[in-house]
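Colleague: Let me give you the structure first, and then I'll get to my questions.
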Amino acid sequence: MAQDWLVLELTNSGTYLGIVTAIQFTPVLFFSLHGGALADRFDKRKLLIGTNALGAFSAITLGTLVITEQIALWHVFALAAVLGISTAIDAPVRQAFAGEIVGHDDLPNAVSLNSANFNAGRLVGPALSGLLIAAFGTGPSFLVNGISYLFAIGALLAMNEKEFFQQDRPKSMTNVQEGLRYALARPDIYVVMLMVFFLGTFGLNFQIFNALMATKEFGKGPASYGLLGTFVAIGSFSGAIASARLERFRKTRFVILAGGAFAIAIMVLSIMPNYTAYAIFLPICGVTALTTMITANSIVQVNSDPAIRGRVMGIYLFIFMGGTPVGSPVIGIMAELIGIRLTIAACGAICLISTIVIWLKYKDRVDVPADISVAAVLKSANRNQKD
24 MAQDWLVLEL TNSGTYLGIV TAIQFTPVLF FSLHGGALAD RFDKRKLLIG TNALGAFSAI
84 TLGTLVITEQ IALWHVFALA AVLGISTAID APVRQAFAGE IVGHDDLPNA VSLNSANFNA
144 GRLVGPALSG LLIAAFGTGP SFLVNGISYL FAIGALLAMN EKEFFQQDRP KSMTNVQEGL
204 RYALARPDIY VVMLMVFFLG TFGLNFQIFN ALMATKEFGK GPASYGLLGT FVAIGSFSGA
264 IASARLERFR KTRFVILAGG AFAIAIMVLS IMPNYTAYAI FLPICGVTAL TTMITANSIV
324 QVNSDPAIRG RVMGIYLFIF MGGTPVGSPV IGIMAELIGI RLTIAACGAI CLISTIVIWL
384 KYKDRVDVPA DISVAAVLKS ANRNQKD
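Numbering-wise, the sequence shown is residues 24 to 410 according to the working numbering.
Right under this line is the structure:
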């Protein structure tokens, strides 16, 4: 939140807000696939310690520049890119690491619990950040964020490796192309990735939606903007808790239907008449978004062969997060040209149309194969190509 507010303070421009978001997520296009390969090859815990250290450096440096009044827009761009590199490697490694911590049987619930824990922080974080910015400026907020990374590093160092569910690692660097062939041979997985692309690119842009609605439509300050993030998190937290109880719905068809509900919620959000109504409706967007995304995440993780899971998750996150560099600048520019309300409505409409097309084309082709091993899936794909 602090980064978004800082950009608005420096530029008062939705276009620049979209650009800095794009810069932060652009490294995903270059590093997330290789991050997944690293997850299959190297010690995941050590990789996560490194990525958290990089995140701490980015936040603390940015906070220091703001406090010393040396900050310039190019600093924000550069450090957003550093954070993006950290995130691009961290995300697939962290997702694959869950399987080593809890094992295959408990993995779906672990995904839901992780999201619930994350969103519990988001319940309090945006509001506290908004209050902190209002009272002291954006600098201290960045420093607090930087310190939070140090706690994560401490937790990783405290883990007992002997208690992990160990998985065999390849002795040489793994093949990213093998992960791509595996995912493309699994309609139940690549249809989920298609849904995630459209929803992630056009729907999950609350940081831009909320920032521009709060400032340009409702004339609010940082505390009110931060509170909007808390309202999103209320719904997200509820969706994460609900997902843990929806095991029988963890199917690709459910992802498509839930994604359609989220698209409709985004369209309705665009017509909320005032700040209060907008804030009250945000939890509905949050619960539909997180129910969809957690189910999608669980399907890809649980239904992938553990030997290739890191690479498949790298592809998943490449598609999910890689759409943001495309969507964010477009959304920022659209907001400048036609207003933020019409922009939100258009994003919801794109998500809904995409969902309908995907449902009509793939609804009967998304069952999980009996054997999900790499050898069996690729052998079946080769046989189908010959036929």
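The beta carbon of each residue, even a glycine, is placed where N, CA and C say it ideally should be.
Quick caveat, the model's predicted, so the values are computed rather than measured.
By Cβ distance below 6 Å, which residues in the same chain neighbour residue 356 in space, the five residues on each side in sequence not counted?
Modeller: As a working note, residue 356 is residue 333 in the sequence shown. 38.
Colleague: Under a three-way DSSP split, which group does residue 184 fall into?
Modeller: For the purposes of this step, residue 184 is identified with residue 161 of the sequence shown, where counting begins at 1. It is helical.
Colleague: Only counting the same chain, and skipping five residues up and downstream in sequence, which positions put a Cβ closer than 7 Å to that of residue 78?
Modeller: Counted from its first residue, the sequence shown places residue 78 at position 55. Excluding positions up to five away in sequence, the list reads 106, 109, 172.
Colleague: Is the Cβ-Cβ distance between residue 86 and residue 165 less than 8 Å?
Modeller: As a first step, residue 86 is located in the sequence shown; it is residue number 63 there, counting from the start. As a first step, residue 165 is located in the sequence shown; it is residue number 142 there, counting from the start. It is a contact, given that the beta carbons lie within the stated cut-off.
Colleague: So, for residue 118: in the same chain, excluding its five sequence neighbours on each side, which residues have a beta-carbon less than 6 Å away from its beta-carbon?
Modeller: Numbered from 1 along the sequence shown, position 95 holds the residue referred to as residue 118. Result list for residue 118: 336, in chain order.
Colleague: Going by beta carbon distance, what residues of the same chain come within less than 6 Å of residue 403, once the five residues before and after it are set aside?
Modeller: For this step, residue 403 is matched to residue 380 along the sequence shown. Around residue 403: no qualifying Cβ.
Colleague: Going by beta carbon distance, what residues of the same chain come within less than 7 Å of residue 71, once the five residues before and after it are set aside?
Modeller: Numbered from its first residue, the sequence shown carries residue 71 at position 48. Around residue 71: 113, 116, 117, 120, 179.
Colleague: Pairs of beta-carbons, one from the segment 220 to 238 and one from the segment 344 to 361, closer than 8 Å: are there three or more?
Modeller: They touch, by the three-pair rule.
Colleague: Taking one C-beta from the segment 153 to 162 and one from the segment 238 to 256 each time, how about it: are there three or more such pairs within less than 8 Å?
Modeller: These segments touch.
Colleague: For residue 241, report the span of its alpha helix (DSSP H) as first-last.
Modeller: Position 218 of the sequence shown, counting from 1, holds the residue named residue 241. No alpha helix (DSSP H) contains residue 241, which DSSP labels as neither H nor E.
Colleague: Excluding the 5 residues preceding and the 5 following residue 386 in the sequence, name in chain order all residues of the same chain whose CB lies nearer than 8 Å to its CB.
Modeller: As a position in the sequence shown, residue 386 is number 363, starting the count at 1. Around residue 386: 276, 279.
Colleague: My guess is that residue 258 and residue 375 are in contact by the Cβ rule of under 8 Å, so how many angstroms apart are they, rounded?
Modeller: For the purposes of this step, residue 258 is taken as residue 235 along the sequence shown, with counting starting at 1. For the purposes of this step, residue 375 is taken as residue 352 along the sequence shown, with counting starting at 1. That belief does not hold up - the Cβ atoms of residue 258 and residue 375 are roughly 19 Å apart, past 8 Å.
Colleague: Helix or strand or just coil, what does DSSP make of residue 204?
Modeller: As a first step, residue 204 is located in the sequence shown; it is residue number 181 there, counting from the start. Note: residue 204 maps to helix in three-state DSSP.
Colleague: Going by C-alpha distance, which of 239, 40, 73 is nearest residue 96?
Modeller: As a position in the sequence shown, residue 96 is number 73, starting the count at 1. Considering only alpha carbons, the answer is 40.
Colleague: Alpha carbon to alpha carbon, what distance is there between residue 111 and residue 345?
Modeller: Position 322 of the sequence shown, counted from the start, is the residue given in the question as residue 345. Position 88 of the sequence shown, counted from the start, is the residue given in the question as residue 111. One C-alpha to the other measures close to 9 Å.
Colleague: Note the first and the last residue of the continuous alpha helix (DSSP H) segment covering residue 214.
Modeller: In the sequence shown, the residue the question calls residue 214 occupies position 191. Here the alpha helix (DSSP H) through residue 214 covers 210 to 221.
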